[in-house]
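Novice: Protein chains in written order, with the working numbering: chain A, 305 to 749; chain B, 3 to 241.
Cβ atoms here follow ideal geometry from the backbone N, Cα and C, with glycine treated the same way.
Treat the numbers as computed from the prediction; the structure is a model and nothing was measured.
Below you'll find the structure I mean.
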């Protein structure tokens with residue numbers, strides 16, 4: 305019976321329930337057996353309206369394209385000029401999202417810095433503070449200011465190039481974090497001021513401010529501490545982006561980061577990842593609308609993250625009104641996560657290449673999401689950094705190809721008018737016309 | 003734990019700053035511009051509840067504030083001594099790394115939040131969440147502390163000379179809390195513990211450092227039962 309296919313079962317008259325399918329049955333059985341929910345890494349796995357549901361129109365009789373490889377299509381972006389003395393000027397609008405030392409090995413953090421710096425973009429710390437590897441290898445480093453304040457240090461605040469106040473992330477808007485004890489080595493524990501081997505909970509709310517009015521005062525304090533030199537980002541998980549973006553801008557953010565539910569996490573309950581928050585595609589137009597209504601679109605930059613995979617996704621984000629994107633999961637894959645060459649080792653720990661998401665477990669055969677000294681040694685940060693730089697270059701070039709085809713001399717010139725939607729859901733979320741029609745759901749005929 | 007007292011050479015000149023004519027930004031910029039090792043003294047008047055007064059200091063200067071301050075006074079302090087002759091708003095000395103902050107009046111909520119080191123003294127009462135997520139700081143409160151004080155406190159010592167509100171030390175890690183008065187209720191995983199000689203000694207030192215003459219023997223120690231350090235489904239109701 306082990307080789308039987310669904311068709312064989314159907315031939316026998318067996319019928320799988322759409323409600324209680326085999327995945328659901330397995331989840332119930334797992335819960336009953338263990339008494340614990342599933343915790344995993346990554347973002348939402350369910351099929352969602354996404355960038356694949358949009359298409360670019362390209363130039364035609366009414367639009368004039370730019371010559372590929374010959375005519376310029378610039379990609380740079382300035383982040384945080386609203387209040388900061390020293391805004392970030394990046395060569396590509398693809399940034400590296402916040403991922404903690406602790407969740408990732410020090411060598412993986414170093415590789416992220418190497419790869420990002422090679423192409424002139426930024427990388428971001430995470431819960432657990434700033435490491436020397438990361439600062440030393442990152443030309444532009446964004447320092448996250450999180451509820452746990454693990455490793456929070458004013459010297460690091462001053463050493464950063466920008467500050468990102470984190471309210472939430474797309475995988476778990478409204479949720480805190482948990483770094484399981486098996487990843488808490490002496491170094492990780494020391495940076496977080498906690499005992500070795502203890503589960504490290506990260507709070508879901510900041511300890512010394514509540515609400516947007518307080519946030520404005522908090523941002524003021526961070527600016528005072530750093531002499532108004534550094535851009536201050538505010539990152540939110542996508543749930544109510546229209547209101548959150550408005551409140552973040554009112555609180556003084558120079559840059560707003562909106563992370564959709566496909567955005568990854570190092571360790572979160574599966575039920576949280578799959579059932580809380582909204583897709584990235586749905587969040588972007590609402591965030592842009594908020595900025596436009598406040599008259600600060602492009603003055604306050606919008607960084608979008610959550611499921612950005614290639615240059616087409618980048619171009620679509622830009623066309624919808626983002627100034628830049630951030631990648632996390634895709635960056636880890638570029639480093640070597642889920643490498644098919646490691647398939648046999650993934651299978652030993654109950655997974656397979658292409659499926660591995662137990663980033664919380666510390667057993668990563670690729671040596672990326674682990675603190676195990678032997679596993680870490682498998683990962684070469686120089687090689688990983690080069691792979692990441694290659695990938696970032698490809699993404700940027702892909703976006704340029706599309707932008708030139710749309711007649712745009714800068715990625716920021718991409719606009720909604722360049723896009724159509726393939727599905728009614730995507731059309732409704734993005735307020736773009738359904739392909740081949742002029743119909744935008746909710747806006748008449 | 004950290005040093006409780008520091009030798010501060012007597013400064014010869016005091017710079018007066020009036021916050022009705024000088025902005026907080028100018029005050030902080032001047033304090034940040036002090037050269038390494040500076041022991042300069044500043045006297046700040048008319049703070050009028052302004053936020054972020056004397057934040058991000060990184061020199062062994064002395065700042066005396068005459069009046070009430072708003073949120074985050076002396077935030078992220080390193081090395082400096084900040085005296086507030088008035089009340090302090092939310093998050094006084096938040097994330098302090100070292101030095102000494104002394105509030106002669108009352109402090110609002112989240113006093114000493116996430117602070118890693120140094121000494122915070124509040125002569126009056128401290129509101130809710132005093133010492134929340136503290137990571138090594140020493141806190142001495144002359145009066146009472148509000149609910150959820152010491153929530154997720156990771157390291158350091160907190161001495162409460164008055165009473166503590168509900169849920170003291172909820173989800174506490176390795177910090178130690180000493181209370182002289184009553185505790186309305188203990189939070190999850192926080193328990194009363196034996197006062198051994200070393201604990202009596204550290205309370206004695208902390209009270210002395212804060213300039214108080216309370217009887218150390220009258221205090222009870224509270225800390226973590228360590229039952230929630232690793233998730234177990236049988237403890238689900240405690241989370």
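By the 7 Å beta-carbon criterion, what residues does the stretch 76-92 of chain B contribute toward chain A?
Specialist: Result list: 77, 78, 80, 92.
Novice: Out of 658(A), 674(A), 657(A), 670(A), which has the shortest C-alpha to C-alpha gap to residue 664(A)?
Specialist: Selected option, being the one with the closest Cα: 674(A).
Novice: Are the C-beta of residue 452(A) and some C-beta of chain B separated by less than 8 Å?
Specialist: Yes, contact with chain B.
Novice: Would you say residue 507(A) reaches chain B, if we count a Cβ-Cβ gap shorter than 8 Å as a contact?
Specialist: True, the Cβ-Cβ gap to chain B drops below 8 Å.
Novice: Residue 628(A) to residue 744(A), Cα distance in whole Å?
Specialist: So the two alpha carbons sit approximately 26 Å from each other.
Novice: Indicate the three-state DSSP secondary structure (helix, strand or coil) for residue 47(B) in the structure shown.
Specialist: DSSP places residue 47(B) in strand when its eight states are reduced to three.
Novice: With a cut-off of 8 Å, do at least 3 Cβ pairs link the stretch 641-652 of chain A to the stretch 380-388 of chain A?
Specialist: The stretch 641-652 of chain A is not in contact with the stretch 380-388 of chain A.
Novice: Check whether the Cβ of residue 456(A) lies closer than 8 Å to any Cβ atom in chain B.
Specialist: By this cut-off, residue 456(A) is an interface position.
Novice: Are any of the Cβ atoms in chain A nearer than 8 Å to that of residue 182(B)?
Specialist: No, its Cβ sits nowhere closer than 8 Å to a Cβ of chain A.
Novice: List the endpoints of the continuous beta strand (DSSP E) containing residue 180(B).
Specialist: Where residue 180(B) is concerned, the enclosing beta strand (DSSP E) stretches over 178-181.
Novice: Just checking: is the beta-carbon of residue 38(B) within a distance shorter than 8 Å of some beta-carbon in chain A?
Specialist: Judged by the 8 Å Cβ criterion, residue 38(B) is not in contact with chain A.
Novice: Which residues in chain B have a C-beta closer than 7 Å to the C-beta of residue 511(A)? List them in chain order.
Specialist: Neighbours of residue 511(A) on chain B, chain order: 112, 115, 116, 131, 134, 135.
Novice: For chain E, find out if any of its Cβ atoms is closer than 8 Å to the Cβ of residue 53(B); answer yes or no.
Specialist: Of the protein chains in the structure, A and B, none is chain E.
Novice: Name the DSSP bridge partner or partners of residue 141(B)?
Specialist: 122(B), 160(B).
Novice: Output yes if chain B places a C-beta closer than 8 Å to the C-beta of residue 490(A); else output no.
Specialist: Not an interface residue.
Novice: Buried or exposed: where does residue 365(A) fall if 16 or more other Cβ atoms within 10 Å of its Cβ makes it buried?
Specialist: By the 10 Å Cβ count, residue 365(A) comes out exposed.
Novice: Run down chain A in chain order and give the residues with a C-beta less than 8 Å from the C-beta of residue 34(B).
Specialist: By Cβ distance, chain A contributes 531.
Novice: Going straight from the alpha carbon of residue 142(B) to that of residue 123(B), what length do you get?
Specialist: The alpha-carbon atoms of residue 142(B) and residue 123(B) are separated by roughly 5 Å.
Novice: Quick one: give me the first and last residue of the beta strand (DSSP E) that residue 673(A) is part of.
Specialist: That residue, residue 673(A), is in no beta strand (DSSP E); it is neither H nor E in DSSP.
Novice: Which chain A residues sit within Cβ distance under 7 Å of residue 138(B)?
Specialist: Within chain A, the residues near residue 138(B) are 497.
Novice: Taking 8 Å as the threshold (C-beta atoms), are residue 63(B) and residue 43(B) in contact?
Specialist: For residue 43(B) and residue 63(B), yes; Cβs fall inside 8 Å.
Novice: Would you mind sorting residue 131(B) into buried or exposed? The rule is 16 or more other CB atoms within 10 Å of its CB.
Specialist: Buried is the call here.
Novice: Could you list which residues in chain A have their beta carbon closer than 7 Å to that of residue 61(B), in chain order?
Specialist: The premise fails here: residue 61(B) is roughly 12 Å from chain A at the closest Cβ pair, so nothing lies under 7 Å.
Novice: List the residues of chain A that residue 27(B) touches, going by C-beta distances under 9 Å, in chain order.
Specialist: Chain A residues near residue 27(B): 527, 528, 531, 532.
Novice: Determine which residues share a DSSP beta bridge with residue 448(A) and list them.
Specialist: 468(A).
Novice: Does residue 372(A) pass the burial test, meaning 16 or more other C-beta atoms within 10 Å, or should it be called exposed?
Specialist: Exposed, because fewer than 16 other Cβ atoms sit within 10 Å of the Cβ of residue 372(A).
Novice: Establish whether the CB of residue 164(B) and some CB of chain A are separated by less than 8 Å.
Specialist: No - not a single Cβ of chain A is within 8 Å of the one on residue 164(B).
Novice: Is it the case that the Cβ atoms of residue 208(B) and residue 161(B) are separated by a distance below 8 Å?
Specialist: Yes, Cβ-Cβ distance for residue 208(B) and residue 161(B) is below 8 Å.
Novice: Please report whether the beta-carbon of residue 160(B) lies at a distance below 8 Å from any beta-carbon of chain A.
Specialist: Cβ-Cβ to chain A under 8 Å: no for residue 160(B).
Novice: List the residues of chain B that residue 524(A) touches, going by C-beta distances under 9 Å, in chain order.
Specialist: Chain B residues near residue 524(A): 26, 53, 54, 73, 74.
Novice: Could you tell me which residues DSSP pairs with residue 400(A) in its beta bridges?
Specialist: DSSP, once it has assigned bridges, lists 631(A) as partnering residue 400(A).
Novice: Starting from residue 157(B), find everything on chain A with Cβ-Cβ shorter than 7 Å and list it in chain order.
Specialist: Residues of chain A passing the Cβ test: 497.
Novice: Hey, is residue 436(A)'s beta-carbon within less than 8 Å of any beta-carbon in chain B?
Specialist: Answer no: the Cβ-Cβ gap between residue 436(A) and chain B never drops below 8 Å.
Novice: Given that residue 485(A) touches chain B, what residues does it touch there, using C-beta distances under 7 Å?
Specialist: In chain order: 232.
Novice: For residue 201(B), name the three-state secondary structure that DSSP assigns.
Specialist: Three-state DSSP puts residue 201(B) in a helix.
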